[in-house]
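Novice: Start counting the sequence shown at 5; every next residue gets the next number (the numbering used here).
Glycine included, C-beta positions come from ideal geometry on N, C-alpha and C.
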Amino acid sequence: MKKIFLLSVVAAVAFTGCKKTMSTVSEAHHVSYPTILLSSDLYYSIPVGGTLPTITATAYDSFYREVDPVVIDQSSLDNSTPGLYAVTLSAKNKYGMTAYSSVYIGVTSASPALDLSGTYIRLATAGRVAHVSKLGTGLFMTDNVGGVNVTDPTTGAAVSAVFVVTSDTTLDLGTQLTSAGTLVAIEPQTLTLTPGDTTLNYGINLSGFGKQIRSFVKQ
(Lines of atoms letter the chains of each structure in order from A and count residues from 1; the text may use other names and numbers.)
(Lines give C-alpha, C1' and ligand atoms only; values in the text may rest on other atoms or scores of the structure.)
Protein backbone atom coordinates (compact mmCIF):
# COMPACT_ATOMS: atom_id res chain seq x y z
CA MET A 1 0.00 0.00 0.00
CA LYS A 2 2.84 2.38 0.83
CA LYS A 3 4.40 1.82 -2.62
CA ILE A 4 1.09 2.53 -4.36
CA PHE A 5 0.59 5.72 -2.33
CA LEU A 6 4.15 6.91 -3.10
CA LEU A 7 3.66 6.32 -6.83
CA SER A 8 0.42 8.32 -6.70
CA VAL A 9 2.23 11.27 -5.08
CA VAL A 10 5.01 11.18 -7.69
CA ALA A 11 2.47 11.07 -10.53
CA ALA A 12 0.56 14.00 -9.05
CA VAL A 13 3.75 16.05 -8.72
CA ALA A 14 4.78 15.20 -12.28
CA PHE A 15 1.35 16.15 -13.60
CA THR A 16 1.34 19.44 -11.68
CA GLY A 17 4.84 20.29 -12.96
CA CYS A 18 3.81 19.51 -16.51
CA LYS A 19 0.67 21.60 -16.21
CA LYS A 20 2.66 24.58 -14.90
CA THR A 21 5.10 24.37 -17.78
CA MET A 22 2.30 24.24 -20.33
CA SER A 23 0.70 27.37 -18.87
CA THR A 24 3.89 29.47 -19.12
CA VAL A 25 3.46 32.19 -21.75
CA SER A 26 6.38 33.74 -23.62
CA GLU A 27 6.14 37.02 -25.50
CA ALA A 28 8.08 38.12 -28.60
CA HIS A 29 8.15 41.82 -29.42
CA HIS A 30 8.78 43.08 -32.92
CA VAL A 31 11.57 45.69 -33.11
CA SER A 32 9.80 48.80 -34.29
CA TYR A 33 10.53 52.51 -33.89
CA PRO A 34 8.21 55.49 -34.12
CA THR A 35 8.44 57.74 -37.15
CA ILE A 36 8.83 61.41 -36.28
CA LEU A 37 6.99 63.75 -38.64
CA LEU A 38 7.81 67.45 -38.52
CA SER A 39 4.92 69.87 -38.69
CA SER A 40 7.42 72.72 -38.99
CA ASP A 41 10.61 73.24 -41.05
CA LEU A 42 13.82 71.22 -40.85
CA TYR A 43 16.19 74.18 -41.34
CA TYR A 44 15.95 77.73 -40.00
CA SER A 45 18.09 80.81 -40.29
CA ILE A 46 17.57 83.71 -37.90
CA PRO A 47 19.54 86.92 -37.31
CA VAL A 48 21.44 87.40 -34.08
CA GLY A 49 18.87 88.38 -31.47
CA GLY A 50 16.01 87.17 -33.67
CA THR A 51 12.98 85.20 -32.54
CA LEU A 52 13.58 81.50 -32.12
CA PRO A 53 11.27 79.32 -34.23
CA THR A 54 8.46 77.22 -32.82
CA ILE A 55 9.15 73.56 -33.58
CA THR A 56 6.27 71.08 -33.72
CA ALA A 57 6.17 67.39 -34.57
CA THR A 58 4.16 64.19 -34.15
CA ALA A 59 5.24 60.55 -33.93
CA TYR A 60 3.53 57.34 -34.96
CA ASP A 61 4.56 53.69 -34.71
CA SER A 62 2.93 51.97 -37.69
CA PHE A 63 3.63 48.44 -36.39
CA TYR A 64 2.03 48.92 -32.99
CA ARG A 65 -0.41 51.47 -34.40
CA GLU A 66 0.18 53.96 -31.65
CA VAL A 67 0.75 57.69 -31.47
CA ASP A 68 3.77 58.48 -29.32
CA PRO A 69 4.66 61.76 -27.61
CA VAL A 70 7.54 63.81 -29.04
CA VAL A 71 10.11 65.37 -26.71
CA ILE A 72 11.74 68.51 -28.16
CA ASP A 73 14.99 69.58 -26.48
CA GLN A 74 15.65 73.27 -27.12
CA SER A 75 17.95 73.73 -24.14
CA SER A 76 21.02 74.43 -26.29
CA LEU A 77 19.52 77.33 -28.25
CA ASP A 78 21.08 80.78 -27.87
CA ASN A 79 19.85 83.46 -30.26
CA SER A 80 22.45 85.94 -28.98
CA THR A 81 25.45 83.93 -30.20
CA PRO A 82 26.12 83.14 -33.88
CA GLY A 83 26.40 79.43 -34.58
CA LEU A 84 24.68 76.26 -35.74
CA TYR A 85 22.29 74.80 -33.20
CA ALA A 86 20.75 71.34 -33.40
CA VAL A 87 17.42 70.73 -31.67
CA THR A 88 16.97 67.05 -30.85
CA LEU A 89 13.53 65.44 -31.15
CA SER A 90 12.84 62.03 -29.66
CA ALA A 91 9.85 59.69 -29.50
CA LYS A 92 9.57 56.44 -27.52
CA ASN A 93 7.06 53.66 -28.11
CA LYS A 94 5.48 51.53 -25.36
CA TYR A 95 8.38 49.05 -25.46
CA GLY A 96 11.05 51.72 -25.04
CA MET A 97 12.23 51.82 -28.66
CA THR A 98 13.29 55.43 -29.23
CA ALA A 99 13.59 57.31 -32.52
CA TYR A 100 15.55 60.54 -32.93
CA SER A 101 15.49 63.44 -35.35
CA SER A 102 17.03 66.91 -35.48
CA VAL A 103 16.09 70.42 -36.56
CA TYR A 104 18.91 72.83 -37.41
CA ILE A 105 18.91 76.53 -36.60
CA GLY A 106 21.58 78.88 -37.88
CA VAL A 107 22.05 82.11 -35.92
CA THR A 108 23.93 84.49 -38.17
CA SER A 109 24.70 88.09 -39.01
CA ALA A 110 25.46 87.19 -42.64
CA SER A 111 23.95 89.20 -45.47
CA PRO A 112 20.97 87.63 -47.27
CA ALA A 113 22.93 88.28 -50.48
CA LEU A 114 25.75 85.90 -49.46
CA ASP A 115 25.65 82.79 -51.61
CA LEU A 116 28.33 80.10 -51.39
CA SER A 117 26.42 77.70 -53.64
CA GLY A 118 28.49 75.87 -56.20
CA THR A 119 31.03 73.13 -56.80
CA TYR A 120 34.08 72.88 -54.56
CA ILE A 121 37.29 70.91 -55.03
CA ARG A 122 39.12 69.45 -52.06
CA LEU A 123 42.61 70.94 -51.88
CA ALA A 124 45.64 68.63 -52.03
CA THR A 125 43.47 65.70 -53.15
CA ALA A 126 42.53 65.79 -56.81
CA GLY A 127 39.12 64.65 -57.98
CA ARG A 128 37.27 64.96 -54.69
CA VAL A 129 34.27 67.19 -55.16
CA ALA A 130 31.62 68.70 -52.89
CA HIS A 131 28.49 70.59 -53.90
CA VAL A 132 27.25 73.38 -51.64
CA SER A 133 23.62 74.57 -51.69
CA LYS A 134 21.94 77.46 -49.89
CA LEU A 135 19.26 76.68 -47.29
CA GLY A 136 18.67 80.20 -46.00
CA THR A 137 20.48 83.38 -45.02
CA GLY A 138 24.01 82.31 -44.08
CA LEU A 139 22.89 78.67 -43.88
CA PHE A 140 24.29 76.08 -46.30
CA MET A 141 24.63 72.35 -46.91
CA THR A 142 27.56 70.42 -48.36
CA ASP A 143 26.93 66.98 -49.84
CA ASN A 144 30.46 65.71 -49.11
CA VAL A 145 31.73 67.12 -45.82
CA GLY A 146 34.50 64.50 -45.56
CA GLY A 147 35.68 65.01 -49.10
CA VAL A 148 35.71 61.33 -50.07
CA ASN A 149 36.20 60.17 -53.62
CA VAL A 150 32.65 59.29 -54.63
CA THR A 151 33.90 57.27 -57.62
CA ASP A 152 35.89 54.95 -55.35
CA PRO A 153 33.75 53.06 -52.75
CA THR A 154 36.87 52.15 -50.74
CA THR A 155 37.21 55.76 -49.60
CA GLY A 156 33.77 55.70 -47.93
CA ALA A 157 30.39 57.21 -48.72
CA ALA A 158 29.77 60.92 -49.15
CA VAL A 159 28.17 62.52 -46.08
CA SER A 160 25.97 65.61 -46.13
CA ALA A 161 26.29 68.26 -43.44
CA VAL A 162 24.88 71.69 -42.61
CA PHE A 163 26.98 74.74 -41.80
CA VAL A 164 26.30 78.37 -40.99
CA VAL A 165 28.41 81.44 -41.80
CA THR A 166 28.96 83.21 -38.49
CA SER A 167 31.08 86.13 -39.74
CA ASP A 168 32.98 87.29 -42.82
CA THR A 169 35.78 84.87 -41.94
CA THR A 170 34.23 82.02 -39.95
CA LEU A 171 31.76 79.20 -40.32
CA ASP A 172 30.33 76.66 -37.88
CA LEU A 173 29.30 73.00 -38.33
CA GLY A 174 28.32 72.61 -34.68
CA THR A 175 27.28 69.11 -33.58
CA GLN A 176 24.86 67.27 -35.83
CA LEU A 177 23.58 63.84 -36.82
CA THR A 178 24.63 62.59 -40.24
CA SER A 179 24.27 59.40 -42.28
CA ALA A 180 27.63 58.29 -40.85
CA GLY A 181 26.82 59.17 -37.23
CA THR A 182 27.50 62.23 -35.11
CA LEU A 183 29.64 65.04 -36.51
CA VAL A 184 31.39 67.32 -34.03
CA ALA A 185 33.12 70.47 -35.24
CA ILE A 186 36.72 71.08 -34.14
CA GLU A 187 39.10 73.91 -34.97
CA PRO A 188 39.72 75.49 -37.41
CA GLN A 189 36.45 76.69 -38.94
CA THR A 190 37.34 79.45 -41.37
CA LEU A 191 35.98 81.06 -44.52
CA THR A 192 37.86 82.97 -47.21
CA LEU A 193 35.76 85.20 -49.44
CA THR A 194 38.51 86.64 -51.63
CA PRO A 195 37.07 87.16 -55.14
CA GLY A 196 37.93 84.13 -57.25
CA ASP A 197 39.16 82.22 -54.20
CA THR A 198 36.24 81.26 -51.96
CA THR A 199 37.65 78.65 -49.56
CA LEU A 200 36.01 76.55 -46.83
CA ASN A 201 38.34 75.30 -44.09
CA TYR A 202 37.13 73.20 -41.18
CA GLY A 203 38.02 70.50 -38.73
CA ILE A 204 35.59 67.74 -37.82
CA ASN A 205 35.36 64.55 -35.81
CA LEU A 206 32.95 62.34 -37.72
CA SER A 207 31.79 58.88 -36.69
CA GLY A 208 33.21 56.36 -39.13
CA PHE A 209 35.85 58.79 -40.37
CA GLY A 210 37.55 60.12 -37.22
CA LYS A 211 39.24 63.50 -36.81
CA GLN A 212 40.14 65.31 -40.00
CA ILE A 213 40.95 68.74 -41.37
CA ARG A 214 39.40 69.67 -44.71
CA SER A 215 39.89 72.54 -47.18
CA PHE A 216 37.73 73.12 -50.24
CA VAL A 217 38.07 75.83 -52.87
CA LYS A 218 35.20 76.94 -55.10
CA GLN A 219 35.64 75.86 -58.68
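By DSSP, does residue 51 sit in helix, in strand, or in coil?
Specialist: Three-state DSSP puts residue 51 in a strand.
Novice: For residue 151 and residue 220, which I take to be in contact (beta-carbon distance under 8 Å), what is that distance rounded to the nearest angstrom?
Specialist: 7 Å
Novice: Helix, strand or coil: how does DSSP classify residue 73 here?
Specialist: coil
Novice: Can you tell which of 125, 87, 105 has its C-alpha closest to the C-alpha of residue 142?
Specialist: 87
Novice: Count the C-beta pairs between the segment 152-161 and the segment 174-182 that are closer than 8 Å, then say yes if the count reaches three, no if not.
Specialist: no
Novice: Rounded to whole angstroms, what is the Cα-Cα separation between residue 125 and residue 111?
Specialist: 27 Å
Novice: Quick check on residue 157: does DSSP put it in helix, strand or coil?
Specialist: helix
Novice: Could you please give the first and the last residue of the uninterrupted beta strand (DSSP E) stretch that includes residue 90?
Specialist: 87-96
Novice: Below 8 Å on the Cβ atoms is my guess for residue 223 versus residue 122; work out the distance and round it to an integer in Å.
Specialist: 7 Å
Novice: On a CA-only basis, which of 183, 140, 80 is nearest residue 160? Give me that one, please.
Specialist: Scanning 183, 140, 80 for the CA closest to the CA of residue 160 turns up 183.
Novice: Sorted by chain position, which residues of the same chain lie with C-beta nearer than 6 Å to residue 71's C-beta, five sequence neighbours on each side aside?
Specialist: 64
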